[in-house]
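Visitor: My structure is below; once you've seen it, I'll send some questions.
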Amino acid sequence: MEGLNVAAIDFAIALAALVVAVMVWRQRRTHSRHWGDEPAAITAAAPPQLKWLSAEQQARWQLQTQRFLHEKRFIGCAGLSLTEAHRRTIAGLACLLRLQQNALHEALFPMVREVLLYPDAFLVPPPRETVSEHGLELVDDAPDERIGEHAPGQVVLSWSDVEAALEGDSVNVVIHEFAHALDSENPDTEGAPPMADYRDWSAVMGQEFARLRRHRRPPVLDPYGAQSPAEFWCVVAEAFFQQPAALEKHHTALFRLLTAYFEITPAVGEHLAPTLPAA
Ligand SMILES: [Zn+2]
Numbered sequence: 059m060e061g062l063n064v065a066a067i068d069f070a071i072a073l074a075a076l077v078v079a080v081m082v083w084r085q086r087r088t089h090s091r092h093w094g095d096e097p098a099a100i101t102a103a104a105p106p107q108l109k110w111l112s113a114e115q116q117a118r119w120q121l122q123t124q125r126f127l128h129e130k131r132f133i134g135c136a137g138l139s140l141t142e143a144h145r146r147t148i149a150g151l152a153c154l155l156r157l158q159q160n161a162l163h164e165a166l167f168p169m170v171r172e173v174l175l176y177p178d179a180f181l182v183p184p185p186r187e188t189v190s191e192h193g194l195e196l197v198d199d200a201p202d203e204r205i206g207e208h209a210p211g212q213v214v215l216s217w218s219d220v221e222a223a224l225e226g227d228s229v230n231v232v233i234h235e236f237a238h239a240l241d242s243e244n245p246d247t248e249g250a251p252p253m254a255d256y257r258d259w260s261a262v263m264g265q266e267f268a269r270l271r272r273h274r275r276p277p278v279l280d281p282y283g284a285q286s287p288a289e290f291w292c293v294v295a296e297a298f299f300q301q302p303a304a305l306e307k308h309h310t311a312l313f314r315l316l317t318a319y320f321e322i323t324p325a326v327g328e329h330l331a332p333t334l335p336a337a
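So for the sequence shown, this note's numbering puts the first residue at 59; every next one is plus one.
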């Protein structure tokens, strides 16, 4: 009788130990699922600029974003493990540039096949440039640090700078690099996306580009835009989406030109609010 009791107690202890072991194991599994190799503590964010859009434009944004995700390949670089949230956030920002009435019937960023995403700023090899006039090639071998780049077929981005743009930073690397991609669709122009009539565009952009080159401390536009007409267009597009009120105030003609081109009227009275969850 007593022997049996001891055996029953041993069995109960063994059973309890097994239950605890299973609980610990499940706990670990749960933890590793949520906190271990799941970098998607990131949730997909819809651009804060969506609230400027009409219901029709928001529907178009959804379609364009889906199309982008279907057509473009994403590659995580430097150890970034790519998630659906990364892809959807970037696609959503890029498609703000292509919400015009005709955009659904036109190619969507045909010059971009893939998007390379780094966790942070990345280094690129320096360009090989001949500096000396005596035929001696001097190469500055220090790599360049970048937060974004547009190369044939590719856009390269730093994720931490994508996040900064969503939080309202004046730099929007997605808008900037995809504006370059639009520019490259027409080899005969520099600093302009494809359009039927360039007359207004050339007049306003030319005047404002010259103004930025003269200005020592421009109030809105990044002085980087003074480098070339191509950089100017990308910097103006960034200002339109990130600081529309300041752009309207200091560069009214540019603001109107871009309102007409993008077919978007920013709500200039409002601050860019933190991001909404993506639908
Ligand atoms: Zn640029």
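Beta carbons are placed, not taken as given, at the ideal position from N, Cα and C, and that holds for glycine.
Pull up the distance between the alpha-carbon of LEU270 and that of VAL293, whole angstroms please.
Guide: Here residue 270 corresponds to residue number 212 of the sequence shown, with the count starting at 1. Here residue 293 corresponds to residue number 235 of the sequence shown, with the count starting at 1. Rounded to whole angstroms, LEU270 to VAL293 spans 11 angstroms at the Cα level.
Visitor: At what residues does the beta strand (DSSP E) containing HIS208 begin and finish?
Guide: The sequence position of residue 208 within the sequence shown is 150, counting from 1. That run of the beta strand (DSSP E) goes 206-209.
Visitor: Does PRO97 come out as helix, strand or coil in the three-state DSSP assignment?
Guide: Taking the first residue of the sequence shown as 1, we reach residue 97 at position 39. Any reading at PRO97 must be qualified, since the residue scores a pLDDT of 47, below 50, and its modelled position is unreliable; no value is offered.
Visitor: Using a 10 Å radius around the Cβ and a threshold of 16 neighbouring Cβ atoms, would you call ILE133 buried or exposed?
Guide: For this step, residue 133 is matched to residue 75 along the sequence shown. With fewer than 16 Cβ atoms within 10 Å of its Cβ, ILE133 is classed as exposed.
Visitor: Closest by CA to SER218, which one among MET253, ASP199, LEU138 and PRO201?
Guide: To locate residue 218, count along the sequence shown from 1; it is residue 160. Nearest of MET253, ASP199, LEU138 and PRO201 to SER218, Cα basis: LEU138.
Visitor: Have a look at LEU155, LEU305 and ASP227 and flag the residue whose alpha-carbon is nearest the alpha-carbon of VAL326.
Guide: Here residue 326 refers to the residue found at position 268 of the sequence shown. Among LEU155, LEU305 and ASP227, the Cα nearest to that of VAL326 belongs to LEU305.
Visitor: Could you tell me whether the region 199-218 touches the region 248-263, using the rule of 3 or more Cβ pairs below 8 angstroms?
Guide: no
Visitor: For CYS153, is the beta carbon positioned less than 6 angstroms from some heavy atom of ligand 1?
Guide: Position 95 of the sequence shown, counted from the start, is the residue given in the question as residue 153. Not under cutoff, so the answer is no.
Visitor: Here's the rule I'm using: 16 or more other beta-carbon atoms within 10 Å means buried, otherwise exposed. How should ASN230 be labelled?
Guide: Numbered from its first residue, the sequence shown carries residue 230 at position 172. Burial of ASN230 is indicated by the presence of at least 16 other C-beta atoms within 10 angstroms of its C-beta.
Visitor: Taking the alpha carbon of LEU157 as the point to measure from, which residue in ARG171, ALA284, ILE100 and SER112 has its own alpha carbon closest?
Guide: For the purposes of this step, residue 157 is identified with residue 99 of the sequence shown, where counting begins at 1. Among ARG171, ALA284, ILE100 and SER112, the Cα nearest to that of LEU157 belongs to SER112.
Visitor: Return yes when at least one heavy atom of ligand 3 lies under 6 angstroms from the C-beta of CYS292, else no.
Guide: Absence of ligand 3 from the depicted structure is noted, with ligand 1 being the only ligands included.
Visitor: Expressed to the nearest angstrom, what Euclidean distance is found between the alpha-carbon atoms of ARG131 and ARG171?
Guide: What you label residue 131 is simply residue 73 of the sequence shown in a count that begins at 1. What you label residue 171 is simply residue 113 of the sequence shown in a count that begins at 1. Using only the alpha carbons, I get a separation of about 6 angstroms.
Visitor: Give the range of the alpha helix (DSSP H) segment to which LEU315 is assigned.
Guide: Against the sequence shown, residue 315 aligns to sequence position 257. Boundaries of the alpha helix (DSSP H) harbouring LEU315: 310-320, taken from the DSSP string.
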